[in-house]
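Down below is the structure, laid out as structure tokens.
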Amino acid sequence: MNGGDGPTSYSHNSHYQGEGVNVSKQLISEAISSNVSLEHISSVETYHIADLGCSVGPNTFSVVQNIIGAVEHKLLGLGSSSNVLDFQVSFNDHVSNDFNTLFASLPSKGRRYFAAGVPGSFHGRLFPKASLHFVHSSYAVHWLSQVPYEVKDETSPAWNKGKVFSIGAKPEVEEAYSAQFAKDMEVFLQARAEEVAVGGLMALTLPYTKGPVYVEQALFYRLFHILELALNDMADKGRLDEVKVNSFNLPIYIPSMQEIQKLVERNGSYTIEKIQPLTSAAKGFSSRLDARQCSMIVRAPMEGIMSQYFGSETIDEIFEKYVEIAEVNSDFVAQSAALTEDLFVLDRIGTVAYRMQLPPEAKIHNVFQVSQLKAFQGDSPLLHTPLPPLHEGWVLSTPVQVLQACRIQDDWEVPVQWADADPSDTTWVPLAAFRALYPSFELEDKLILQEGGGVVDSITSRVINRRQN
Ligand SMILES: C[S@@+](CC[C@H](N)C(=O)[O-])C[C@H]1O[C@@H](n2cnc3c(N)ncnc32)[C@H](O)[C@@H]1O
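Here this note's numbering is used: the first residue of the sequence shown is 1298, the next is one more, and so on.
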């Protein structure tokens, strides 16, 4: 993200995000008004807000001011003074973010909060347990922790030759990006589930797609497609290395609403209070953009990554080419205006989810929705039923008896009777797999018939001759 406040800086080229942030402010105020309870705020002296992926402003300042205003309004509505709470705001971004510019431009008048910088990736823990009350993040969680390696690999079916991300790319590329996003979101959601106090809120604004047909008409895609055209044109003319252009990809992914919903539900620590498109964020915006403004919207967030990859000396030329192509394709950008492209998601932590204290060897997730739990009636049991053995997250059936083994081609297989099945219902399991899954199961006395009529002790492989009658 370009720091400072020069012509290519993010602070001068974040109007698109600014429009989305403005629309989401109303939703955040409503969320605080209807979801924050007096118990929640009266039990704390300091209300702690975090803005994750804040960049350098000005959007982050307007968001936190709005959150604080809404909490104060709620306090007044509840008959309490708005001065009873202190507010602490943690501004988070990567360590490379221009925190100097951010803090130099902190509003000096009327600021009702203590400001702190928290450098580091939000794909991991950033705050102490249960220390946050409101987490906000706009236009940041669609940034991946890394580009999926397959899309850069010439030998992979997911090689994304000549394109810069998954939109408009082949299905293998989409799958690789989607899998990386799912992994990153899992880590993000888990870290926040630990950091946010029970009852706390998390508001996310991010670009989303209603499906491939729509996304290719969207402003977001069209701006980056022009970058693809510019890079390929420069490679054709020998101004950039073709091999490098073919393996250049951006670490951003545009998910669908269903993907987001599924990931939040799968994590299990949150309830989704609201998930809705930001209907007016992009409206009319693209028709007002000229070719140079388009280039700046792409350049401000991507210059750092592109400089590292292609060299800083190439950047001006790449974006001059961008402007040239955008001028020729001005309708392509202008006509992308009408579509909704951003999503607002409001999650609440913990009111219907319980984190259980499980034995350390348990490999199952320790957060359960209330609907999955039943109240225990009677006295607490003195003996606890041991957890079933697990393999890669799956519960393993318990073997009760292994019968005589048989050699099938080059391998040995054993017929197994299971605790949860009828004794007549045995399953043939390869011996090696059985041993790996149930290392403590006693197999010593299982004599294995060899094809030729000899028997082998399955464990020691001692050949014992069959008694001749
Ligand atoms: C497009 S800017 C959005 C800035 C601001 N939230 C807004 O709405 O204008 C995305 C920001 O997210 C930050 N970001 C991306 N991945 C991140 C991560 N893993 N941890 C922290 N910040 C991250 C980027 O450095 C960048 O500053």
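All C-beta atoms in this analysis are idealised placements derived from N, C-alpha and C, irrespective of residue type, glycine included. Given the structure is predicted, the values throughout are model-derived calculations rather than measurements.
Verify whether the separation of the beta carbon atoms of residue i and residue j is less than 9 Å.
i	j	result
M1603	F1545	yes
I1364	I1338	no
S1642	A1494	Before going further, note that residue 1642 is Val rather than Ser in the sequence given. No, they are not a contact pair.
D1644	M1554	no
E1638	T1506	yes
C1351	T1343	no
K1530	I1594	Note on residue identity: the sequence assigns Asp, not Lys, to residue 1530. No, the Cβ-Cβ distance between D1530 and I1594 is not below 9 Å.
L1242	L1693	Because the chain spans 1298 through 1766 in this model, residue 1242 falls outside it and cannot be assessed.
V1432	E1491	no
T1502	S1434	yes
D1390	P1416	yes
N1332	E1562	no
L1547	F1462	yes
F1384	V1368	yes
S1633	R1489	no
G1300	N1380	no
L1640	N1564	no
A1702	E1710	yes
L1537	F1607	yes
V1353	S1306	yes
L1528	I1615	yes
F1388	L1372	no
V1448	V1470	yes
Please report the straight-line C-alpha distance between residue i and residue j, rounded to a whole angstrom.
i	j	result
K1460	A1437	21 Å
Q1443	V1697	46 Å
G1497	K1458	43 Å
G1374	L1526	54 Å
A1768	S1609	Outside the shown range of the chain (1298 to 1766) lies residue 1768, about which nothing can therefore be said.
S1566	G1366	27 Å
W1440	Y1550	7 Å
M1298	P1574	25 Å
A1412	S1453	46 Å
L1700	P1712	5 Å
H1309	F1419	24 Å
A1718	A1730	20 Å
V1625	L1586	14 Å
H1312	S1592	13 Å
P1468	E1327	39 Å
D1302	E1336	42 Å
G1414	D1613	31 Å
Q1323	P1445	36 Å
R1408	H1370	16 Å
E1472	F1478	10 Å
Q1314	P1686	49 Å
S1737	D1707	24 Å
D1450	T1611	23 Å
P1286	V1620	With the chain represented from 1298 up to 1766, any question about residue 1286 goes unanswered, as that position is not in the structure.
D1481	A1466	21 Å
Q1558	I1572	8 Å
P1504	S1330	25 Å
A1455	A1597	28 Å
R1732	S1721	22 Å
V1386	Y1410	6 Å
I1705	E1539	53 Å
I1646	T1568	7 Å
E1739	L1680	25 Å
Can you tell me which residues form a DSSP beta bridge with residue i?
i	result
P1696	W1715
Q1674	In DSSP, Q1674 forms no bridge with anything.
F1769	The structure shown has nothing for residue 1769, since the chain only spans 1298 to 1766.
L1335	Paired residues: none, contrary to the question.
P1727	E1710
F1411	Q1385
F1641	T1502 and Q1573
P1686	Bridge partners of P1686: none, in fact.
L1349	N1389
I1646	Y1567
P1416	D1390
Quick one: is the Cβ of residue i within less than 8 Å of any heavy atom of ligand 2?
i	result
Y1436	Ligands in the displayed structure: ligand 1; ligand 2 is not one of them.
Looking at chain D, is there any beta carbon in it that lies within less than 9 Å of the beta carbon of residue i?
i	result
E1539	The structure shown has no chain D; it contains just one protein chain.
- Query: If you pair each beta-carbon of the stretch 1315–1331 with each one of the stretch 1403–1417, do three or more pairs fall below 8 Å?
  - Reply: For the pair of segments examined, the stretch 1315–1331 was found not to touch the stretch 1403–1417: the number of CB pairs separated by less than 8 Å stays below three.
- Starting from the N-terminal side, write out each stretch of the beta strand (DSSP E) that is 3 residues or longer and does not extend beyond the stretch 1546–1611. Entirely contained in the stretch 1546–1611, the beta strand (DSSP E) runs reaching 3 residues are, in chain order, 1567–1574.
- Evaluate the contact criterion for the stretch 1420–1437 versus the stretch 1332–1349: three or more CB pairs, one atom per stretch, below 8 Å. Yes, the stretch 1420–1437 touches the stretch 1332–1349.
- Task: Could you name each continuous alpha helix (DSSP H) segment of 4 residues or more that falls completely within the stretch 1489–1526, going from the start of the chain to the end?
- Result: Whole alpha helix (DSSP H) segments, 4+ residues: 1509–1512.
- Complete runs of the beta strand (DSSP E) confined to the stretch 1418–1466 [at least 3 residues]: You should have 1429–1435.
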